[in-house]
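Written below as structure tokens is the structure these notes are about.
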Amino acid sequence: MKTEVKLVLEGNNSRPAYHQCYEILRDKILTGELSSGTKIVEEKLAAELGVSRTPIRDSIRKLENEGLIVKKKVVKPTEKDLRNIFSVRILLEGYSARCAAIFLKENEIDKLYQYVEVGRKGTKEEIMSANEDFHNDIVRASNNPLMIDIIDRMQAIIYLLRKTVVIYNRPHLIDEHEEIYEAIKIRDGEKAEELMKKHLENDLNFYLHVMSND
65 MKTEVKLVLE GNNSRPAYHQ CYEILRDKIL TGELSSGTKI VEEKLAAELG
115 VSRTPIRDSI RKLENEGLIV KKKVVKPTEK DLRNIFSVRI LLEGYSARCA
165 AIFLKENEID KLYQYVEVGR KGTKEEIMSA NEDFHNDIVR ASNNPLMIDI
215 IDRMQAIIYL LRKTVVIYNR PHLIDEHEEI YEAIKIRDGE KAEELMKKHL
265 ENDLNFYLHV MSND
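Quick note on the numbering used here: the sequence shown kicks off at 65 and runs consecutively.
So this is what it looks like as structure tokens:
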């Protein structure tokens, strides 16, 4: 494993070492290879990746900014953290769903339904991707760069939360997506906002339930 990683770094001189280290560490966290609560040891990672501690330190700093590493450990969100994250998402994505009902073009709305179909028939990986695209397309419908940026900066944590609800097969997840789609399709912004907020509240409650049983 160490040899393979070193070869990646040595054969990829077009990008700074810290950026390559960051991508490798981020992938390890998002795939679960580095699980929640794992202590991040600079010396160990530097030896594994075949680099000095400086790019490792820079990578860790970037991952801390994304919320994936906290106090030199892989993030393990507390109940308070989750409620804070979801309170932001409920406000911004709820409003975005209202905007989607007003501003999305017909072909863009059709894409939302395609994501719903993948959610019903796809593999775990396809469902994850469709789930992400469904929410991201709706957020972009807000046409508000500041709101979009806030969600973008939370994407790594949001990915981990989505992964949990998909892997543990949250009941009615795709049904709720379809209800949101239907509200957007008939241009009912108020209903779309209400359904999105309820959908995210259900996500939060499910995640808290999973966390309490770990």
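The beta-carbon is built from N, C-alpha and C at its ideal position, and this holds for glycine as well.
Could you check what DSSP says for I173 in three-state terms: helix, strand or coil? helix
Compute the distance between the beta-carbons of L225 and D267, then report whether it is under 8 Å. yes
Along the chain, which unbroken stretches of the alpha helix (DSSP H) at least 4 residues long are found entirely within the stretch 88-130? 106-113 and 117-129
By DSSP, does K137 sit in helix, in strand, or in coil? strand
The ligand ZN heavy atoms versus the CB of V105: any closer than 7 Å? The ligand content of the structure shown is nil, which means the ligand ZN is not present either.
Residue environment, L109, which counts as buried when at least 16 other CB atoms sit within 10 Å: buried
Assess contact between the stretch 163-174 and the stretch 204-216, defined as three or more Cβ pairs (one per stretch) separated by less than 8 Å. Is contact present? yes
Nearest CA to the CA of V105: which residue from I244, T95, R117 and K92? R117
Beta-carbon within less than 7 Å of I244's beta-carbon, same chain only, minus the 5 sequence neighbours each way: which residues are those? A161, A256, L259, M260 and H263
L94 versus H273: straight-line alpha-carbon distance, rounded: 21 Å
With 16 as the cutoff for other CB atoms within 10 Å, does G101 come out buried or exposed? exposed
Give the DSSP-derived three-state secondary structure of P235 in the structure shown. coil
Going by alpha carbons, who is nearest to K136 out of V180, E128 and E143? E128
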